[in-house]
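Colleague:
Residue numbers (this note's numbering), protein chains in the order written: chain R, 1 to 266; chain Y, 1 to 438.
(1) For the segment 78-97 of chain R, which residues have a CB atom closer than 9 angstroms to at least one CB atom of chain Y, in sequence order?
(2) Note down the Cα distance separating residue 76/R from residue 123/Y, rounded to an integer number of angstroms.
(3) Can you find the residues in the same chain that come closer than 7 angstroms, C-beta to C-beta, to residue 406/Y, ignoring five residues on each side of it along the sequence?
(4) Going by alpha carbons, who is nearest to residue 14/R out of 59/Y, 430/Y and 340/Y?
(5) So if DSSP puts residue 25/Y in a beta bridge, which residue, or which two residues, is it bridged to?
(6) With H, G and I counted as helix, E and B as strand and the rest as coil, what does DSSP make of residue 7/Y?
(7) Nearest to residue 388/Y by CA position, among 421/Y, 358/Y, 366/Y and 382/Y, is which residue?
(8) Would you list the one or two residues that DSSP bridges to residue 153/Y?
(9) Which partner residues of residue 234/Y appear in the DSSP bridge assignment?
(10) Counting only beta-carbon atoms, is residue 305/Y nearer than 7 angstroms to chain R?
(11) Given a limit of 9 angstroms on CB to CB distance, which residues of the segment 227-246 of chain Y reach chain R?
(12) Count the other CB atoms within 10 Å of the CB of residue 15/Y; is the residue buried (16 or more) or exposed (fewer)?
(13) Using CA atoms only, rank isn't needed, just tell me which of 237/R, 39/R and 183/R is closest to residue 50/R.
(14) Step through the CB atoms of chain R and report whether any lies within less than 7 angstroms of the CB of residue 217/Y.
(15) Leaving out five residues before and five after residue 427/Y in sequence, what residues of the same chain have Cβ atoms less than 7 angstroms from its Cβ?
(16) DSSP on residue 210/R, reduced to helix/strand/coil?
(17) Among residues of its own chain, excluding the 5 on either side of residue 82/R, which ones have a beta-carbon nearer than 8 angstroms to its beta-carbon?
(18) With 7 angstroms as the threshold, decide whether the Cβ of residue 131/Y is near any Cβ in chain R.
(19) Does the structure place the segment 273-281 of chain Y close enough to the segment 209-224 of chain Y that three or more beta carbon pairs sit under 8 angstroms?
(20) Hey, would you say residue 122/R sits closer than 7 angstroms to residue 148/R, going by beta carbons?
(21) Closer than 6 angstroms by C-beta to residue 118/Y: which residues in its own chain qualify, once you throw out the five before and the five after it? Chain order, please.
(22) Could you check if residue 239/R is buried or exposed, using at least 16 other CB atoms within 10 Å of its CB as the buried criterion?
(23) Check each candidate in 251/Y, 232/Y, 382/Y and 268/Y and name the one with the smallest Cα separation from residue 283/Y.
(24) Taking a contact to mean a Cβ-Cβ separation below 7 angstroms, would you say residue 177/Y touches residue 169/Y in this structure?
(25) Where do the N-terminal and C-terminal ends of the beta strand (DSSP E) with residue 93/Y fall, by residue?
(26) When you compare the CB positions of residue 41/R and residue 86/Y, do they come within less than 7 angstroms of one another, or not?
(27) When you compare each of 49/Y, 100/Y and 51/Y to residue 425/Y by their alpha carbons, which one comes out closest?
(28) When DSSP labels each residue in this structure, what does residue 66/R get in the three-state scheme?
(29) First and last residue of the beta strand (DSSP E) that includes residue 66/Y?
(30) Counting only the same chain and skipping the five closest in sequence on each side, list residues whose C-beta sits under 6 angstroms from that of residue 165/R.
(31) Quick one: which chain R residues come within Cβ less than 8 angstroms of residue 213/Y?
(32) Would you list the one or two residues that DSSP bridges to residue 389/Y?
(33) For the segment 119-151 of chain R, enumerate the residues whose C-beta is nearer than 8 angstroms to any C-beta of chain Y, in chain order.
(34) Taking the beta strand (DSSP E) that residue 267/R falls in, what are its first and last residues?
(35) Rounded to whole angstroms, what's the CA-CA distance from residue 160/Y to residue 255/R? Just pull it up for me.
(36) In terms of residues, what are the limits of the alpha helix (DSSP H) holding residue 352/Y?
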C-alpha cells in the first residue's frame with residue numbers, strides 16, 4: 001500500500017471544499033498530479049497544491065492507496081467523500097461531510113468532525129476519535145433513503161439527528177448523544193454507551209436502538225415489553241425492551257406488525 | 001379633495017389582506033388614511049409618509065458618518081462588492097415583490113452567491129419537513145368555507161396575524177360554516193396563555209420543547225395504543241379527547257408558527273405534524289398550513305424553487321444550485337465565517353439574528369437595501385433606501401397558502417427614488433459588464 005501525505009500549508013480565507021481528497025481520486029497519480037486536483041473556495045476553483053504540501057505517490061488502485069492528512073484542516077469540507085476503498089487518516093479535526101457517501105475502505109479522524117459526517121454511507125468504516133457533530137450517519141437533506149451499510153464508531157459524543165432515515169449499518173457512540181436518534185429509520189442499529197436525551201426513535205418504523213446510560217424523556221410511542229439479557233460489544237447485561245413507534249406505520253410479517261426496538265440497560 | 005383607493009393589498013404579513021381602503025390626496029402624492037387594515041398594516045402604510053425618511057443612498061465614511069451618494073454610485077459599489085467576493089451572501093427577499101426577487105437571483109447566479117430568505121430563521125424548517133414527507137394543504141378560502149376544527153399550534157395570530165381569525169379561520173360565516181365561530185371548535189397548543197389561547201375551546205398548555213412528543217402522542221391515541229399517564233405536561237385522557245375532537249370534525253386544519261418551527265426538534269415537529277395530518281385523513285378531511293410571517297416570504301420560496309429547485313438557503317457558489325440547511329443557511333454561513341460579503345434586501349437581520357452573526361455583518365463589506373432605517377442599515381457600509389413595495393410600487397406577492405396576489409400602487413414615492421427592481425436592474429447590468437457576460 002502506497003501512502004500519500006498532504007499537509008496544510010496555506011489556510012483558506014473562507015472554507016475549502018476538498019471533495020477530491022479520497023483514495024479513489026488519488027489512485028494511479030503521482031504527487032505532482034495529485035497537487036493539480038481541484039479544490040474550491042467559494043466561487044473560486046484552484047488546486048490542491050495551492051493549499052497543501054503533497055508528498056508521496058498513490059497506489060495503482062484506491063485499495064492500494066493510503067492518504068494521511070496533516071495540519072489544521074478544521075476549515076476543510078468533504079474529506080473522504082465517496083471513497084470506496086483504501087485508507088484515509090486525518091490527524092486532526094475536520095469540518096462538514098467527513099466520509100459522506102463512502103461505500104468502502106476505512107477513514108480515521110483523530111480529532112472531531114462537524115455535522116453531516118457519513119451522510120448517506122453505504123459501506124466501509126468511519127472511526128472518529130473525538131466528537132461528532134449533528135446529523136451523523138443521516139440521510140442527505142430531503143432523501144428518504146439514509147445510511148444503508150457500513151460501520152461508524154465515535155469515541156466521544158455525538159450531536160443531534162444521529163441515523164435519520166437509516167436503513168442498515170451500525171453506529172456506535174461511546175459517549176452521549178443529543179436529541180433525535182434514528183428518526184424515520186427503517187433498519188440498522190445505533191448503540192449509545194453514554195446517556196441519551198430525548199426523542200429517541202421518533203417515527204421509527206424498524207431498527208434497533210441500544211442505550212447503556214440514561215434517557216431524559218421517552219417518546220410516548222414506545223411501550224415496555226419485557227426485560228431481556230443481551231450481549232452488546234462483548235458486554236453482557238440486562239436490558240428493558242420497548243417497542244415502537246406505535247404512532248407510526250409499520251410493515252407486517254406473517255400477519256404481525258413489526259416494530260422498532262429500543263433497549264435500555266437496567 | 002381626496003380620493004379613495006379600494007381593494008388595496010396589505011404588504012405586512014402572510015395573510016396578505018386584499019380589502020383595504022386607502023385615502024390619498026388628489027395629486028396621488030400623499031397618503032392620509034387607511035381603512036380595514038389591522039394596526040400593524042395601518043402603520044406600514046402611514047410610515048411611508050414619515051417626514052424623516054431617507055430618500056437617497058448613503059455610504060458609511062471612515063469616521064462613521066453617512067455621505068449621500070447617487071443611485072448610480074450605489075449600484076457601482078454594490079456590483080463591485082458582489083463581483084469581487086468569493087462567496088457573497090444575498091439575504092432577505094421576503095419584503096419585496098417577486099419581480100425584484102427574480103432580478104436578484106440573476107445577479108446571484110452571475111456572482112456565485114448564496115441566496116437565502118427569511119425562512120432561514122422562520123419557516124425554513126417547515127420547508128425541510130415538506131421536502132421530507134410532503135404536505136396536504138389547502139387555501140384559506142377552503143378553510144373559511146369548510147373548516148370546523150381549527151388548531152393553532154405554537155402560533156399567536158391575535159398578535160402576529162391580527163386579521164387571520166376574522167377573515168379566514170374562526171369568525172367568518174362561510175358556505176358550509178354558516179354559524180361562523182359557533183360552527184367551529186378551536187384548539188390552541190401553546191406553553192403560554194396567549195390572547196389566542198384565551199379564545200380557544202381547548203388550550204393544551206404543552207411543556208416547552210415537548211411538541212414533538214405531544215404530536216406523537218395524538219398519533220398514538222389515533223391508533224388506540226397505550227399512552228403514558230402524562231405526555232408533555234398533558235394528561236393522556238385530555239390527549240385522547242383532543243384526538244376525538246379532531247376525528248369528529250368534517251374538515252380540520254392545523255396552523256402552526258414559530259413556537260414549533262424554531263424550538264427544540266424544529267423540522268421534526270413539522271414532520272410529525274404533517275404525519276398527524278396524514279393520519280387524521282384516515283378518519284376525516286384534514287389540512288395543515290404554516291403561518292408565514294413576511295407578506296412575500298412564500299413568494300421568495302416560490303421564485304427560488306422554480307428558478308433553482310430549492311425554496312431557501314441556495315448555494316450557487318460552484319455554478320450549480322446546492323441546498324443543505326446547516327451548511328448553506330444564513331445563520332451558519334455567518335456564524336462560521338463562510339462568506340465574505342453581505343447583501344441584504346427586504347429584511348432586517350440586524351434586529352433578529354444572533355449577536356455573533358450581526359457582528360460578522362458589521363465586519364464584512366455590506367449593502368442594505370431597505371426603505372426604513374433599521375439595525376441592519378446601521379451596521380451596513382451602504383444603505384440604499386427604496387420605494388415601499390405594496391404602497392409606492394405594485395408587483396406580485398404570495399399569500400401563506402401559496403395564492404399569488406397582485407399588489408397595488410397607491411401613492412408615488414418621493415421624487416427620484418428607485419424601486420427594489422429598478423435598483424437591482426442597475427446592479428445586474430453592471431455585474432454583467434464586470435463578469436464579462438454577454
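In this text, a Cβ means the ideal position worked out from N, Cα and C, and glycines have one as well.
Modeller: Put simply:
(1) 95, 96 and 97
(2) Looking up residue 76/R in the first chain gives position 76. Looking up residue 123/Y in the second chain gives position 123. In a straight line, the C-alpha of residue 76/R is about 30 angstroms away from that of residue 123/Y.
(3) Counting from one through the second chain, the residue named residue 406/Y turns up at place 406. In the same chain as residue 406/Y, and ignoring 5 residues on each side of it, the C-beta atoms closer than 7 angstroms to its own belong to 394 and 396, in chain order.
(4) Here residue 14/R refers to the residue found at position 14 when the first chain is read from its first residue. When each option's Cα is compared against that of residue 14/R, the closest is 340/Y.
(5) The residue you call residue 25/Y lines up with position 25 of the second chain. According to DSSP, residue 25/Y bridges with 2/Y.
(6) As a working mapping, residue 7/Y is identified with position 7 in the second chain. Strand at residue 7/Y.
(7) If you number the second chain from 1, residue 388/Y lands on position 388. Distances from the alpha-carbon of residue 388/Y to those of 421/Y, 358/Y, 366/Y and 382/Y put 421/Y closest.
(8) For the purposes of this step, residue 153/Y is identified with residue 153 of the second chain, where counting begins at 1. Answer by DSSP bridge pairing, in chain order: 189/Y and 256/Y.
(9) Within the second chain, numbered from 1, the residue matching residue 234/Y stands at position 234. 231/Y.
(10) Walking along the second chain from the start, residue 305/Y turns up at place 305. Chain R, which has no Cβ nearer than 7 angstroms to the Cβ of residue 305/Y, makes this no.
(11) 227, 228, 231, 232, 236 and 239
(12) Reading the second chain from its first residue, position 15 is the one you call residue 15/Y. With 16 or more Cβ atoms within 10 Å of its Cβ, residue 15/Y is classed as buried.
(13) As a working mapping, residue 50/R is identified with position 50 in the first chain. Among 237/R, 39/R and 183/R, the Cα nearest to that of residue 50/R is on 39/R.
(14) Stepping through the second chain from its first residue, residue 217/Y is reached at position 217. For residue 217/Y, the nearest beta carbon of chain R is closer than 7 angstroms to its own beta carbon.
(15) Residue mapping note: residue 427/Y aligns to position 427 of the second chain, counting from 1. For residue 427/Y, where only same-chain residues beyond five positions count, the Cβ hits under 7 angstroms are 75, 78, 79 and 107.
(16) Here residue 210/R refers to the residue found at position 210 of the first chain. Reduced to three states, the DSSP call for residue 210/R is strand.
(17) One-based indexing of the first chain puts residue 82/R at position 82. Closer than 8 angstroms at Cβ, skipping near neighbours: 19, 22, 24, 100, 101, 102 and 103.
(18) Counted from its first residue, the second chain places residue 131/Y at position 131. Yes, its Cβ sits closer than 7 angstroms to a Cβ of chain R.
(19) yes
(20) Here residue 122/R is taken as the residue at index 122 of the first chain, counted from 1. Here residue 148/R is taken as the residue at index 148 of the first chain, counted from 1. Contact flag set, yes.
(21) As a working mapping, residue 118/Y is identified with position 118 in the second chain. Cβ within range, chain order: 94, 294, 297 and 347.
(22) Working through the first chain from its first residue, we reach residue 239/R at position 239. Residue 239/R should be labelled buried.
(23) Stepping through the second chain from its first residue, residue 283/Y is reached at position 283. For residue 283/Y, the nearest C-alpha among the options comes from 251/Y.
(24) Taking the first residue of the second chain as 1, we reach residue 177/Y at position 177. Taking the first residue of the second chain as 1, we reach residue 169/Y at position 169. Contact annotation: residue 177/Y and residue 169/Y have beta-carbon atoms that are not nearer than 7 angstroms.
(25) In the second chain, the residue the question calls residue 93/Y occupies position 93. Run containing residue 93/Y: none; DSSP gives neither H nor E here.
(26) Here residue 41/R is taken as the residue at index 41 of the first chain, counted from 1. Here residue 86/Y is taken as the residue at index 86 of the second chain, counted from 1. Judged by their CB atoms, residue 41/R and residue 86/Y are nearer to each other than the 7 angstroms cut-off.
(27) Locating residue 425/Y in the second chain gives position 425, where the first residue counts as 1. Checking every option, the nearest Cα to that of residue 425/Y belongs to 100/Y.
(28) Position 66 of the first chain, counted from the start, is the residue given in the question as residue 66/R. Three-state DSSP puts residue 66/R in a strand.
(29) Taking the first residue of the second chain as 1, we reach residue 66/Y at position 66. In this chain, the beta strand (DSSP E) harbouring residue 66/Y covers 66-68.
(30) For the purposes of this step, residue 165/R is taken as the residue at position 165 of the first chain. If we look at residue 165/R and ignore the five residues flanking it on each side, its Cβ neighbours are 139, 144, 146 and 184.
(31) Your numbering for residue 213/Y matches position 213 in the second chain. Result: 198, 199, 217, 219 and 220.
(32) Translated into positions along the second chain, residue 389/Y becomes position 389. Residue pairing from DSSP places residue 389/Y in a beta bridge opposite 393/Y.
(33) 134, 135, 140, 141, 142 and 144
(34) As shown, chain R starts at 1 and ends at 266. That puts residue 267/R outside it, with no answer to give.
(35) As a working mapping, residue 160/Y is identified with position 160 in the second chain. As a working mapping, residue 255/R is identified with position 255 in the first chain. Answer to the nearest angstrom: the Cα atoms are 50 angstroms apart.
(36) As a first step, residue 352/Y must be located in the second chain, where it is residue number 352. First-last of the alpha helix (DSSP H) with residue 352/Y: 349-352.
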